[in-house]
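Just so you know, the UniProt record's numbering puts 296 at position 296 of the sequence shown, and the rest follows in order with no gaps. Cβ atoms here follow ideal geometry from the backbone N, Cα and C, with glycine treated the same way. Okay, structure first, notes after.
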Amino acid sequence: MPPETPLKGECAIPHESSKFVRAACPHDCPDTCAMRVTVEGGRAVKVQGDPEHPPTHGALCRKVSCYPERTYHPERVLHPLKRIGPKGSGHFVQVGWDEALRDIADRLQAIAARDPEAIVPYSYAGTMGLVQGESIAARFFHALGASRLDRTICASAGSEALAATYGGKVGMHLEHFAESRLIVIWGSNSIASNLHFWSFAQQAKRNGARLVCIDPRRTETADKCHQHLQVLPGTDGALALGLMHELIAQDRLDHDYIERYTDGWPALREKALAWTPERTAQVCGITADEVRQLAHDYATLAPAAIRLNYGMQRVKGGGNAVRLIAVLPCLVGAWRHRAGGLLLSSSGWFPVDKAALQRPDLLGARNPRTVNMSTIGADLLREAAPEFGPKIEALVVYNSNPVAVAPQSPQVVQGFRREDLFTVVLEHFMTDTADVADYVLPATTQLEHLDVHASYGHTYALINEPAVAPLGEAKPNTQVFRELAARMRLEDPCLQESDETVAAQAFGSHIALDELRARGWMKLALPDAPFADGGFPTPSGRCIIASAAVEAPDFVPNHESRATSPALAARYPLAMISPPARNFLNSSFVNVRSLRDIEGEPLLEIHPQDAVPRGIEDGGTVRVFNDRGEYWCIARVSERARPGVVNGLGIWWRKLGQRGTNVNELTHQRLTDIGRGPCFYDVLVEVQAG
Ligand SMILES: Nc1nc2c(c(=O)[nH]1)N[C@H]1C(S)=C(S)[C@@H](COP(=O)(O)OP(=O)(O)OC[C@H]3O[C@@H](n4cnc5c(=O)[nH]c(N)nc54)[C@H](O)[C@@H]3O)O[C@H]1N2
Ligand SMILES: Nc1nc2c(c(=O)[nH]1)N[C@H]1C(S)=C(S)[C@@H](COP(=O)(O)OP(=O)(O)OC[C@H]3O[C@@H](n4cnc5c(=O)[nH]c(N)nc54)[C@H](O)[C@@H]3O)O[C@H]1N2
Ligand SMILES: [Mo]
1 MPPETPLKGE CAIPHESSKF VRAACPHDCP DTCAMRVTVE GGRAVKVQGD PEHPPTHGAL
61 CRKVSCYPER TYHPERVLHP LKRIGPKGSG HFVQVGWDEA LRDIADRLQA IAARDPEAIV
121 PYSYAGTMGL VQGESIAARF FHALGASRLD RTICASAGSE ALAATYGGKV GMHLEHFAES
181 RLIVIWGSNS IASNLHFWSF AQQAKRNGAR LVCIDPRRTE TADKCHQHLQ VLPGTDGALA
241 LGLMHELIAQ DRLDHDYIER YTDGWPALRE KALAWTPERT AQVCGITADE VRQLAHDYAT
301 LAPAAIRLNY GMQRVKGGGN AVRLIAVLPC LVGAWRHRAG GLLLSSSGWF PVDKAALQRP
361 DLLGARNPRT VNMSTIGADL LREAAPEFGP KIEALVVYNS NPVAVAPQSP QVVQGFRRED
421 LFTVVLEHFM TDTADVADYV LPATTQLEHL DVHASYGHTY ALINEPAVAP LGEAKPNTQV
481 FRELAARMRL EDPCLQESDE TVAAQAFGSH IALDELRARG WMKLALPDAP FADGGFPTPS
541 GRCIIASAAV EAPDFVPNHE SRATSPALAA RYPLAMISPP ARNFLNSSFV NVRSLRDIEG
601 EPLLEIHPQD AVPRGIEDGG TVRVFNDRGE YWCIARVSER ARPGVVNGLG IWWRKLGQRG
661 TNVNELTHQR LTDIGRGPCF YDVLVEVQAG
């Protein structure tokens, strides 16, 4: 099929034979937009933002406007493929579904007969849909007794820290940011990765609100804020403590709110007293006046809101930093207003019935080990051991591209290339991961299957109706697992439930599927200012700063930094972060021509002060390296990078980058303080002109 011309975003006047179908953007993004798909003659020709859905407000980001281009891409995998050459040679032949499923079922069955824990599922949020994500797939692996996967690659440090503080992944309503007077955008490039939040922040700005951005990179979002605090990576916990110091010193605390609705403030207060603006400034790489000014604004510009995002928790101390920042709105009583408080994730508000979707009861008395997806590289290279369990013999990958996105790719690649590993990948495209599979199975895209969605950035449930028939021989993830279950004689009837039946279970009795289908999306019934009078979803209803069980949070410095690893810093003096590129969604869309043309090439932003002494010129090739590997790309000499920190924008497919490398060549597999997450932005490197 010919590639679609890129969509321009203007409204098409639908044809006579055309129809609109209600859909939801499936991507791992806080915005979870409501979409309308225009279908003409059985073909999806356009996707648009639903003008009536308040968060979407009729607008889609550029990359999702290209969704039809992605769906009808000439390189879509449309038939099952079986490897013929050596692992990673990229040689596959087309086979029938029957042959593929029979062979896969036989291979998995043989492994399961020895030890089902040698089989590991690997999936993340390629689609955020509750049906095509963890429903029949999870049931299948539970029924089999396979290893469980700890899905930590993105947000677990922040999520667990937030839940430890507030009792759940809960926060402000997105729409109320429009009424805030101060918005602190903390660890987020909202224009790139949370565009629909940015429109509410813009409304607030037009009404006179002050916008502050806290980010080591001078992002396009930082450009548009009144103030940018260009902190060193991994120092946000210190900044939060410094702000607390000032709130105490200037007596700006809401003592009544603290007394009534929090537990454990005295222990944290004690720690904060040590963080003078000068000490804070020195650790964070900013000025003491910047700390004082932000504390002053935070205490005086009410209602004050924090849009915290996951960018700041991809470092060793990410969990403690989130706990510290989450305390701030309690200290000034910001939660008393609906436009005050904090939003990191709203997903905990949704009444998702995970047990019904995933059926962990199918495990019975079995208690298989858990493999952390963030250490898949090291784990694929491990032999059987009592503390580890069996060697991993089979991987079933869906909704993820680990060879490109998991940390420390030299090990990930080596692991996936093991000749004795049996790998099945359900995919739309021949990604870096599909290249090293034994079988690649064609998956449907969001336009071709049914799903229902929650969101982690707003509070509306959404429907996604299939707009077109599956392309080629593609099947929904659910269908593949239903068929595998049948062939492997896994007999629980829940393994054969239809997508509609599963969708109806997603929100239990709270949201009826019929009503969701009729209306397209539904807002959850929630209080306006959820914690105005306490009411946190903790056992006591109070915000937990510290308790008998948990110590007060503290600043935890990076694994790799001048302060914690001086010998390493002498060899690799530059800190590296690798935030997403605006026109990609993690590693998705990298193969969509119109978007790749905008991003150009893989690049590393480096400040002139770091570039000049190294003889690095703008546009020249550079070798970025450390003990783990080397990454080749183009240098962009730019003040978007701060001195001492380089920005390797992600996440390119390795095979589309220079010398088959991407930025994860350099990241490591050490974990965060809370939540066992990866530390993508806690890395030291050196850069040379290439
Ligand atoms: N266009 C686009 N949108 C996306 C994605 C994408 O790949 N592309 N990814 C999606 C996904 S999976 C997620 S999880 C969300 C992520 O959403 P966010 O968490 O909002 O992530 P980013 O926009 O990546 O913002 C991270 C920002 O944090 C900054 N940062 C890095 N280290 C630190 C630090 O130590 N402290 C502070 N304060 N800031 C730091 C980076 O420079 C970057 O600007 O976005 C989603 N949306
Ligand atoms: N260096 C560095 N690495 C990072 C990050 C970073 O900031 N820096 N960010 C991290 C973060 S926040 C995240 S969330 C992870 C993301 O990592 P992943 O969750 O692996 O996300 P993607 O790279 O988008 O890959 C998703 C894949 O799922 C496929 N897919 C989409 N829908 C479906 C479907 O319905 N069925 C099937 N079978 N497949 C489907 C897509 O084609 C795509 O190849 O990456 C992490 N890696
Ligand atoms: Mo993510």
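At a cut-off of 7 Å, would you count residue i as near ligand 3, judging by its Cβ distance to the nearest heavy atom?
i            : result
aspartate 28 : yes
cysteine 494 : no
cysteine 154 : yes
Relative to the C-alpha of residue i, which candidate in the options has its C-alpha closest?
i              : options                        : result
leucine 649    : Ile634, Leu684, Val413         : Ile634
alanine 326    : Ser400, Ile119, Ala164, Ala503 : Ala164
alanine 240    : Ala272, Gln94, Gly171, Ala267  : Ala272
methionine 505 : Val47, Glu134, Ala689          : Residue identity differs from the one stated: residue 505 is glutamine in this sequence, not methionine. Cα-wise, what sits closest to glutamine 505 is Glu134.
alanine 34     : Ala454, His428, Leu595, Arg628 : Ala454
cysteine 679   : Lys224, Ile248, Asn558         : Asn558
histidine 176  : Ala192, Ala204, Ser190         : Ala204
methionine 312 : Ser190, Ala105, Leu526, Trp275 : Ser190
leucine 671    : Met430, Ile136, Gln408, Arg181 : Gln408
aspartate 251  : Thr221, Ala113, Leu331         : Leu331
leucine 490    : His73, Arg76, Ala112           : Ala112
tryptophan 53  : Arg562, Pro613, Trp521, Arg676 : According to the sequence shown, residue 53 is histidine rather than tryptophan. That would be Trp521, whose Cα lies nearest to the Cα of histidine 53.
Identify, in the order they occur along the chain, each residue of the same chain with its Cβ nearer than 8 Å to the Cβ of residue i, setting aside the five sequence neighbours on each side.
i              : result
asparagine 320 : Ala161, Gly237, Pro553, Asp554, Phe555, Val556, Asp673, Ile674
cysteine 11    : Note that cysteine 11 scores 35 on pLDDT, short of 50, meaning its location in the model is unreliable and no value can be drawn from it.
glutamate 448  : Thr71, Pro466, Ala467, Val468, Ala469, Pro470, Leu471, Ala474, Pro476
leucine 595    : Arg62, Lys63, Cys66, Asn583, Phe584, Phe589
leucine 195    : Asp31, Ala59, Cys61
Which same chain residues end up closer than 6 Å to residue i when comparing Cβ atoms and leaving out the 5 residues on each side of it in sequence?
i              : result
serine 638     : Glu605
valine 685     : Tyr572, Leu574, Met576, Val624, Asn626, Leu666
methionine 244 : Ala272
tyrosine 681   : Pro233, Arg314, Val315, Ile577
tryptophan 265 : Ile258, Ile545
glycine 415    : Gly377, Leu380, Leu381
serine 180     : Ala204, Ala209, Pro303, Ala305, Ala339
asparagine 647 : Arg217, Ile577, Glu605, Ala641
So, are the CB atoms of residue i and residue j less than 8 Å apart?
i              : j             : result
glycine 457    : aspartate 31  : yes
glycine 508    : alanine 356   : yes
isoleucine 463 : arginine 22   : yes
arginine 359   : arginine 139  : yes
valine 291     : proline 303   : no
glycine 145    : proline 368   : yes
valine 93      : leucine 78    : no
valine 592     : leucine 656   : no
methionine 373 : aspartate 150 : yes
arginine 279   : glycine 534   : no
isoleucine 392 : alanine 305   : no
leucine 294    : leucine 380   : no
leucine 441    : alanine 100   : yes
glutamine 446  : threonine 38  : no
proline 121    : alanine 137   : yes
valine 397     : glycine 129   : no
valine 403     : arginine 628  : no
Just to check, is the beta-carbon of residue i closer than 7 Å to a non-hydrogen atom of ligand 1?
i            : result
tyrosine 310 : yes
glycine 348  : no
Please work out which residues of its chain come closer than 7 Å, Cβ to Cβ, to residue i, disregarding the five sequence neighbours upstream and downstream, and give them in chain order.
i           : result
proline 351 : Phe507, Gly508, His510
Taking residue i and residue j to be in contact with their CB atoms under 8 Å, please state how far apart those CB atoms are, rounded to whole angstroms.
i            : j              : result
alanine 503  : valine 131     : 5 Å
alanine 406  : asparagine 664 : 7 Å
alanine 44   : proline 26     : Contact doesn't hold; Cβ gap of about 14 Å is too wide.
glycine 171  : leucine 344    : 6 Å
tyrosine 310 : cysteine 154   : 6 Å
proline 580  : alanine 192    : 7 Å
Quick one: is the Cβ of residue i within less than 7 Å of any heavy atom of ligand 2?
i             : result
serine 588    : yes
serine 400    : yes
serine 188    : no
glycine 96    : no
alanine 365   : no
proline 579   : yes
glycine 126   : yes
alanine 443   : yes
glutamine 358 : no
So is residue i in contact with chain D if we call contact Cβ pairs under 8 Å?
i          : result
lysine 523 : Absent from the structure: chain D. Only one protein chain is present.
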